[in-house]
Each structure stands twice: as structure tokens, then as C-alpha cells.
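> Residue numbers (my numbering), protein chains in the order written: chain A, 232 to 708; chain B, 232 to 708.
Every residue, glycine too, gets a C-beta built ideally from N, C-alpha and C.
Values in this document were obtained by computation on a predicted structure and should not be read as measured data.
There are 2 protein chains.
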Amino acid sequence: MSTQRTPNRTLRFGVLAAVAVAIWWAPPPEGVQAEAWQLLAIFLATIGGLILQPAPMGAVVIMGLTAAVLTGTLSMADALLGYQSATVWLIVSAFLFARCLNKTGLGRRIAFRFIRWFGHKTLGLGYSLSLADLVLAPGIPSGTARTGGVLFPVVRSLCSAYDSEPGPSSKRIGEFLMLTTYQIHCVTCAMFLTAMVANPLMVELAREVAGVDITWAGWAIAASVPGIVSFIALPILVYIMVKPQIRRTPEAAELAREELVRMGPMSRQELAVLAVFGGVFVLWISGEWDALPWSGLPPTGVAFLGLCLLLILEVISWDDVLDERAGWNALVWFGGLVSMATMLSRLGLTEWFAGFVGGYMQGWEWLEVMAVLVLVYLYAHYFFASLTAHVTALFAPFLATAVAAGAPPYFAALTLAFFSSLCASLTHYAGGPSAVFWGAGYTDIKGWWSVGFAISVLFVVVWMGLGPLWWRTLGLF
Amino acid sequence: MSTQRTPNRTLRFGVLAAVAVAIWWAPPPEGVQAEAWQLLAIFLATIGGLILQPAPMGAVVIMGLTAAVLTGTLSMADALLGYQSATVWLIVSAFLFARCLNKTGLGRRIAFRFIRWFGHKTLGLGYSLSLADLVLAPGIPSGTARTGGVLFPVVRSLCSAYDSEPGPSSKRIGEFLMLTTYQIHCVTCAMFLTAMVANPLMVELAREVAGVDITWAGWAIAASVPGIVSFIALPILVYIMVKPQIRRTPEAAELAREELVRMGPMSRQELAVLAVFGGVFVLWISGEWDALPWSGLPPTGVAFLGLCLLLILEVISWDDVLDERAGWNALVWFGGLVSMATMLSRLGLTEWFAGFVGGYMQGWEWLEVMAVLVLVYLYAHYFFASLTAHVTALFAPFLATAVAAGAPPYFAALTLAFFSSLCASLTHYAGGPSAVFWGAGYTDIKGWWSVGFAISVLFVVVWMGLGPLWWRTLGLF
Chain A
232 MSTQRTPNRT
242 LRFGVLAAVA
252 VAIWWAPPPE
262 GVQAEAWQLL
272 AIFLATIGGL
282 ILQPAPMGAV
292 VIMGLTAAVL
302 TGTLSMADAL
312 LGYQSATVWL
322 IVSAFLFARC
332 LNKTGLGRRI
342 AFRFIRWFGH
352 KTLGLGYSLS
362 LADLVLAPGI
372 PSGTARTGGV
382 LFPVVRSLCS
392 AYDSEPGPSS
402 KRIGEFLMLT
412 TYQIHCVTCA
422 MFLTAMVANP
432 LMVELAREVA
442 GVDITWAGWA
452 IAASVPGIVS
462 FIALPILVYI
472 MVKPQIRRTP
482 EAAELAREEL
492 VRMGPMSRQE
502 LAVLAVFGGV
512 FVLWISGEWD
522 ALPWSGLPPT
532 GVAFLGLCLL
542 LILEVISWDD
552 VLDERAGWNA
562 LVWFGGLVSM
572 ATMLSRLGLT
582 EWFAGFVGGY
592 MQGWEWLEVM
602 AVLVLVYLYA
612 HYFFASLTAH
622 VTALFAPFLA
632 TAVAAGAPPY
642 FAALTLAFFS
652 SLCASLTHYA
662 GGPSAVFWGA
672 GYTDIKGWWS
682 VGFAISVLFV
692 VVWMGLGPLW
702 WRTLGLF
Chain B
232 MSTQRTPNRT
242 LRFGVLAAVA
252 VAIWWAPPPE
262 GVQAEAWQLL
272 AIFLATIGGL
282 ILQPAPMGAV
292 VIMGLTAAVL
302 TGTLSMADAL
312 LGYQSATVWL
322 IVSAFLFARC
332 LNKTGLGRRI
342 AFRFIRWFGH
352 KTLGLGYSLS
362 LADLVLAPGI
372 PSGTARTGGV
382 LFPVVRSLCS
392 AYDSEPGPSS
402 KRIGEFLMLT
412 TYQIHCVTCA
422 MFLTAMVANP
432 LMVELAREVA
442 GVDITWAGWA
452 IAASVPGIVS
462 FIALPILVYI
472 MVKPQIRRTP
482 EAAELAREEL
492 VRMGPMSRQE
502 LAVLAVFGGV
512 FVLWISGEWD
522 ALPWSGLPPT
532 GVAFLGLCLL
542 LILEVISWDD
552 VLDERAGWNA
562 LVWFGGLVSM
572 ATMLSRLGLT
582 EWFAGFVGGY
592 MQGWEWLEVM
602 AVLVLVYLYA
612 HYFFASLTAH
622 VTALFAPFLA
632 TAVAAGAPPY
642 FAALTLAFFS
652 SLCASLTHYA
662 GGPSAVFWGA
672 GYTDIKGWWS
682 VGFAISVLFV
692 VVWMGLGPLW
702 WRTLGLF
């Protein structure tokens, strides 16, 4: 069992060490300082570690930092600089919010509430689940926790209610519900800074590489129009492709009603979570407008305020905070990657890469360069099993290349950031939630990949066609 | 039960808020900027929170940081700067080392090993327990975990083996063993940078306030001579004062032998811990000497190396790391306090305080000033129930006052740092371990306070008399 999950752990460590040593000893190309080249060697081995996983993500990142410090490539302070990052602590706070949504049962209640309202037909059921995912997205920064943790059990029980199990009966309704819920999460992850764990990492990288400052509200506003359009189109597309046999689902609404009756009225704790989150979202989204007295409040400060209120109202205890393993895990790996990626950029390597690739694209219009970069970035996810690994490896060099080719930095950063989540549609190994939904067994590879590819085309049309029109209206470029 | 432990939670929050608001609105004294004064208001309310504990320590610190950010007193980056501190991550690593010592049983094995060797007489039994505490001290940065967690159960079972229970039979041997083990931990905490959780905080503060850089090796070498002398004298002093009725304890050595037999030979994991710790200590202690190839390795980098090896050797899993609640707790409260205390100093408040107090000591020799400051600092612990609260409140201003009076900064910083642990001898509410040992019920208040006071006099003689001679020999001042 254990050997099945970690075959050849030593071999994988060996491969990564060999990669690091080989790059380390290779002569750096002209214009790259030795320090930057050494850090690149350690960085690439670390990203390789996120892919090969000889040890859990956090352990791999700590090993990378340790190697950088002990070889004198980074000072201790530089190696730890990511842990001072406000976005890192925003993610930790969001994990604690997610815990409140789970602990109080508010997440499930929201899902059943939408099903009660809109779940009378199969397509409406798909939209109900999608709406629940959308509402929860700003507060649960992990697709695995949100779509996999909160929604998957609801979807699974709906399938069983319609005798739709893995196998032939999956065509009744299960395949449609599973694929819709999974695919919609690619959209919701892209729509909010706090909806996906690697989103804040890109904010950090964009600041470092392209000098643009993406705020919580700025992200949400830019994503809103293409987000809503693809949110509306996606379930219909899946519905047409998958053709569920059951079309009307009055029993689902009835089942939701029963679940809601069983839950009883909202508890004091659920109301507290609702009120605190409502306040946090208002402050996040309105923090941009200078006219308001709270303009300029840092989003992490607002999140800390929400956390303090949840602690004071005893919705969450300090013990809960210390138990939030996913949050501490994100702190460790996220902070460490921020340190390394930031230092790579400060040492000039990202810029050098952009100049290098740009050399092959001389004479191109920046729009052409952007289109090629985004498509390569999107479909490169066929080769990744983690959004974070993808982002860490490709976001900074691709952004630097786009900017060097003349693309407006804010526009380029946002487009790449959105496609960092949208790309999860492609495969059944795209990340944590795909493992959950694929593992349920309602779809075969052909079904998943063809729907995934069709949806990726939808995303390209909406986010690369409609998106820029909206961003131009906003005056982003 | 819950109301008994937290009476009037709201009242306590109210008192702290009132303190903060009152100071905030009071006009700052001349020479203090408004920002510094506002931060002082929040800082004093936070320290008040560590004492009154309306919420757990970590929660109080987060509330303090949030207040500082939302009022615009600190920027988000300044509020989080403590989380980049290498000493904060050194403490997190040390908590993980402590977990390995506990998990593998190596800590208990070491205790029984010493009892087997030296535990044939009552006094020797006291030294055996003391030696175990000394050996474990550099790797377990929490008196509560080390002396309370590893050693207390051993002491308790020894007492029972001699039919010495709370009440009259405590005089047989229990009172002596309990007091000796507790009191020796005040010495071991003072001897190593990584032996007490607030020690690294003082290193940060000393750097900020007095510009001195105290290293792991520098601390250990300076503490060694007064540490060893008080380590030898302390059990004898307790022995004379407490007069245990049982003088010879051949059964204890036999009991230890049986326990060791039951444990069997050292496991692969225990050997791994021993080897890794041995290596880490050698690197820590020898990192100072320029002639060695590894001179200048940062202690936190060395600790990370140890952690990586323990992960690779599978002594500790990444799940264990994420489960280390005490470590995450220390990260949160420690990092936040470092942020606030550092910013108070950078905003000039600590310096202003030193000048203010110094005004009353004009014309004094610096040695006189130091003597008064250290005695006040030591006996002020009658008013604290936590070493960390004591350190956070008093260390920086006392150090600044000493330096302003002409005391050599390194000398002043080390002396105050040592007495920050030694002061725990005084009361049964001095900190976490005192709650454990007092709670066992082997001593009455009179016994504890008289022994505690006598030992504090021993500490004054050894650490203020002998200590400076040793430090002068070392050329520290």
C-alpha cells in the first residue's frame, strides 16, 4: 500500500538531486549571475519535487529552502521572506474561514438551499450546485476543500437518490452532475483571489515581475463578466455533450427540503459566520473606492478582523486554529515558494528568460505573442498534476515574456492568472478536486477529456475574446 | 468548569480595551511620535492580554496585530515582519525536534539511563533528573514540554515507587524530587538559546534595541560556567532545605534498569534522532569558529537541515509536522510579538523610555544601574504568570536603560536574558511547568516560596558575581 503510493522514493530524490547538480555545474548563459543560476538549479529541482512528490509538498519546499541556505545561495532572511507576505497570511485566514463554513454546516445548507430553489430539473440541479460553488468560492481557497469537500458529498448523494451509480446507470444523471460540478469549479477558482490557493502566489509574482498590484476587488471585477458568461454557458455545454437520461428532478428539490428540515433553523453560529463573511466581503470588494472611510484597508487586515470576530464570537476556538493543518501546510509551502520565486526575479533570471524567448519572437505584435503564450500556458497543463506546480514553474517567465513583448502588464498578469485555474478543465489528474470527482467513477477518460477539451475551447473564446473587451471598458489597458 | 477557568471574559476584554483607549487618547509625552504612542497603547493592551488571558495567547496577539493594522498604526508588512524572523522559525524547528524526542521515547530513555547510572542515593537521583533535563534542554524549547512533559511523569512514578504521595508522605522523597526537577529547569532554560521559548525573542530585541548579535554558540558559552556552578549547587541547596527522609534509593536504579529492559535496545528511529541531534548541536556550537568550513551557517538553516534529515529518514512524517500545534502556536504569537516589539523600538519608544528612566539615575555608575535593574527585573516576576509576558513587557526597556546608563550592550543583554529564565524559581505560578509541578501537590506555598527565594539568592550570587568574571575572561566586555 505504502510502496504503491511512493514507489522508488529514493530514486525520485536521486533524480531531483541529479537535476539540481547538473544545472548547478553547467555554465550559466551569458548575462546570468552565478547566484541566480544556482538558485534556478534548486528551484527547478523543487518544482520537480512538486511533480514527482518524493515527499509531501511542504517537505519538498523546506528541503529546497534548506539547500539554498546551506549552499549560501540565499541568506536566511531572503529564504524566509515569503513568510512575511500578506497574501500568504490571507490564504491562512481563508483556510480558517473554510473551517467555519464546514464546522457550522453552513456550506451544506447553502448547497441544499439552492437545490430547493432551482433543482426541479436536471439542468437546474447543475446550476444549483454551480451557484453553491460560486457563493462559497471567495471564502474557501481550496478547490479540494470546497468542491471536493463540501459539494462532492452532496452530488454523490443526489446521484444515489436517482439510482445513478458508476457504470451504465451513470448516464442517468450522475455523469452530468459530476462533470458540471467539477468543471464549474475551474470558473469559480478563476473568479476570486481567495478562491484558489495559488492565486495569491500570482499576485506576489506579478508585483515582483511586472510591477502590477492586483487587489482583491480588482481581481473580482475583472473576472466578473467573462466569469458569469462562462458560468452560464458551461452547464448547458456539458448537458448537450453528456445528454443525461433523466431530465426532470422534482425529487431532488424534495430531498433538499427534507435535509433543510432536518438541519432546523440556522444556528447562532451559522448566523455569526454569515454576518462576519458578509462584512468581510463588503470590505474586500469596496476597499478600492477612495470615497469610503475604509478605503485602503489591506485585505489581510480585513481577513484578520473577520478571524478575530469569529474567535470572540466563539464560532471557532484557538484550538481549531491550531488544528487547521491545511492552513499551516499552505503557509509553509506557499511562503517558501514566494521566497524562491521572488528572489529568482530579483536576481534578474526571469527578465533574462523573457529576453531569451523574446529573441525568437522579434517583430511579432504583442497581441500575437500573448495569444501564443496563453494557449501554450493553458494546454501545458496536460503535463501538470497540480495547479500550484504549473503556476510556480510557468507564471513568472511567461508573464515576463509577455511584458517584454509589449503587452500591458496588468492585462497580461490577469489573463495568465485566470487561465491558471481554467486549465484545470483538461484532465482527470489536473489537481486535487479532479482526483475526487474522477475517483467517483462516473466518467471514463474519453468522456472527461472530450468534455474538458470542449470546455477549454469555450474558455478560450470567452476569456480571450470577450474578456479583453470588458477589461478595455474598465480601462485596464 | 469553563466559567471557572475564564471568569468574566467580556469584563477582561473590556478592561484591556479601556487601557488601550485611555493610553491612545492621552497626549504623548514630549519627544514621542503619535504613531509610537498609539502602538504603545495597543502593545500594552496585548501584554495585558497575555496576563489576563481573555483568550489564548495566539488569539490575543492576532487581535493586537489586527488593531494595529486597522487603525493604520502599522502597515500590513510591518505587522507581519516577525514571521520572516529566523529565530521564530528556529523555535518552530525546535518544537519539531522535541516531538521526535517524545515520539521515539528517546527522552524517557535518557532520563532512565541517568537514573540507572547515578540514582542509588536520593541526592544522586536529583542529579540524574537534572542531567536528563540538561541534556534535553537544547532540543526542547519549552519547559512545559521538557520538564513538564518528559520528566514529570518519570518523577511522579519514582515518588510512587517510594510510597511518597501528596500529603505527609511527600516528605519521604517526593517534595525533594519535585522541587529539584522544577528548580533545575530554571537553570537549563537559561543555558541555551533553544531551551526556552522566549529566549530567541530576546535575541531579536537585543539586536533591535542594543545592536548586539547573540548567536547560539555565544549564548551557550557565556552561560556555561555560571550555569554549571548553579547546576551543581542547586540540588544540594534543595536537599539541605527540604531534608528528604529517604536517603538511599537502590530501588530507583533497579526500576530504571527494568524500564530500560522493557524498552529494549535503541530503535533505528532513536538512533537516527540521536545522530541528527548530535550533528545539529556540533554545527550550532562550532558555527562560530571561522577556521571551520561550516562557519557562518545560520542556526535556523542548520535546524532546517536536521528537520529535512528527520523527514527523509522517516523519523517524523509531514503529518507530524502539521500536527505540531505547539509549534504553530509559537509561530503565531512569537512572530506577532516580534513585529510589535521591533516596531516599538524602530519608532523610538524604547530609546525614549531609557532616557526617561535614566534621568532619575544620573550620576550613577553603570554597574550600580545594572545591579538595580537586574534585581528589579528578577523580583518583578512575582507579578507575572508567564516568562514570555515578562520578557515582552520588560526586556527591551530595561536593556535600553542599561545601555543608556553606559553598560556594555552585550553584557547587559546576556545578563537580563539569563535572569528571564532564572526568575521562574520564585513562584508556583511562574509559568507552564510550575503549574504542573505545583499541581502535583507535593509542596505547600510556604515550602515553594522559601526554597524559591533561597535559590533566587543563589542565582544572584552565581550569575551576578561569578558570571561577570567569566564574561570578562571571554572578553565580552
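Would A/L362 be called buried (16 or more neighbouring beta carbons within 10 Å of its own) or exposed?
buried
> Can you grab the Cα-Cα spacing for the pair B/F615 / A/C539, in whole Å?
25 Å
> Within the 8 Å Cβ cut-off, does A/V552 reach chain B?
yes
> Using DSSP with H/G/I as helix, E/B as strand and the rest coil, what is B/R479?
The answer is strand: DSSP assigns B/R479 an E or B state.
> According to DSSP, is B/K352 helix, strand or coil?
strand
> Can you list the residues of chain B that A/T297 reaches, using a CB-CB cut of under 7 Å?
G532, F535, L536, C539
> In chain order, what residues of the same chain have a beta carbon less than 7 Å from the beta carbon of A/R236, not counting five sequence neighbours either side?
Unreliable positioning characterises A/R236 in this predicted model, as indicated by a pLDDT of 46, which lies under 50. A coordinate reading is not provided.
> Using the beta-carbon of each residue, which ones in chain A are nearer than 9 Å to B/G289?
Result: W549, V552, L553.
> Alpha helix (DSSP H) containing B/T302: first to last residue?
Taken as a continuous stretch (DSSP letters only), B/T302 belongs to no alpha helix (DSSP H), as it is neither H nor E.
> How many angstroms separate the CA atom of A/M601 from the CA atom of A/A633?
6 Å
> What residue range does the alpha helix (DSSP H) around B/C654 cover?
Premise fails: B/C654 is in no alpha helix (DSSP H) and is neither H nor E.
> Can you grab the Cα-Cα spacing for the pair B/Y358 / B/E406, in whole Å?
Their backbone Cα atoms lie some 15 Å apart in a straight line.
> For A/W679, count neighbouring Cβ atoms within 10 angstroms of its own Cβ and tell me buried if that reaches 16, exposed if not.
buried
> Go through the stretch 267-340 of chain A residue by residue and report every complete run of the alpha helix (DSSP H) that reaches 4 residues or more, in order.
288-301, 307-310, 317-334
> Compare the C-alpha of B/I341 against each of B/L536, B/R577, B/V504 and name the closest.
B/V504
> My understanding is that A/P397 touches A/G672, with C-beta atoms under 8 Å, so please give their C-beta distance in whole angstroms.
The pair is a contact, with the Cβ atoms about 3 Å apart (cut-off 8 Å).
> Using CA atoms only, rank isn't needed, just tell me which of A/Q593, A/T353, A/L468, A/L523 is closest to A/P481.
A/T353
> Rounded to the nearest angstrom, what separates B/Q593 and B/A636 at their Cα positions?
Those two C-alpha atoms are separated by around 8 Å.
> When you compare the CB of B/Q315 with every CB in chain A, is at least one pair closer than 8 Å?
yes
> Relative to chain B, which residues along the stretch 302-313 of chain A have a C-beta separation below 9 Å, given in chain order?
G303, S306, M307, A308, A310, L311, L312, G313
> What whole-angstrom Cβ distance do B/L305 and A/W559 have, given they're in contact under 8 Å?
No, B/L305 and A/W559 are not in contact; Cβ-Cβ is about 24 Å, not under 8 Å.
> When the distance is taken between beta carbons, is A/W549 closer than 8 Å to B/A298?
Taking 8 Å as the Cβ cut-off, B/A298 and A/W549 do not qualify as a contacting pair.
> When we look at the beta-carbon of A/Y314 and count the other beta-carbons within 10 Å, is it buried (16 or more) or exposed?
buried
> Comparing the C-beta of A/L542 with each C-beta of chain B, is any distance below 8 Å?
Closer than 8 Å: yes.
> Exposed or buried, A/R339, counting other C-beta atoms within 10 Å across all chains shown (16 or more means buried)?
buried
> Give the residues from the stretch 394-428 of chain B that approach chain A closer than 8 Å (Cβ to any Cβ), ordered along the chain.
none
> Name the chain A residues that come within less than 7 Å of B/M294, Cβ to Cβ?
C539
> Does the beta carbon of A/W255 come closer than 8 Å to any beta carbon on chain B?
no
> Going by Cα to Cα distance, which pick from B/A631, B/H659, B/F668, B/A484 is closest to B/W348?
B/A484
> When the Cα of A/T302 is compared with those of A/F345, A/A251, A/V588, A/R344, which residue comes out closest?
A/A251
> Suppose the cutoff is 6 Å on Cβ atoms and the five residues either side in sequence are ignored; what does the same chain contact list for B/L312 look like?
S570
> Quick one, are the C-beta atoms of B/F462 and B/L332 less than 8 Å apart?
no
> Nearer than 7 Å: is that true of the beta carbon of B/L337 relative to any heavy atom of the ligand MG?
This structure lacks the ligand MG, and indeed carries no ligand of any kind.
> Go to A/N430, then tell me how far its alpha helix (DSSP H) extends in each direction, as first and last residue.
430-441
> Any residues in the stretch 558-574 of chain A with a beta carbon nearer than 7 Å to a beta carbon of chain B? Which ones, in chain order?
W559, N560
> Does chain B have any CB closer than 8 Å to the CB of A/W515?
Chain B has no Cβ within less than 8 Å of the Cβ of A/W515.
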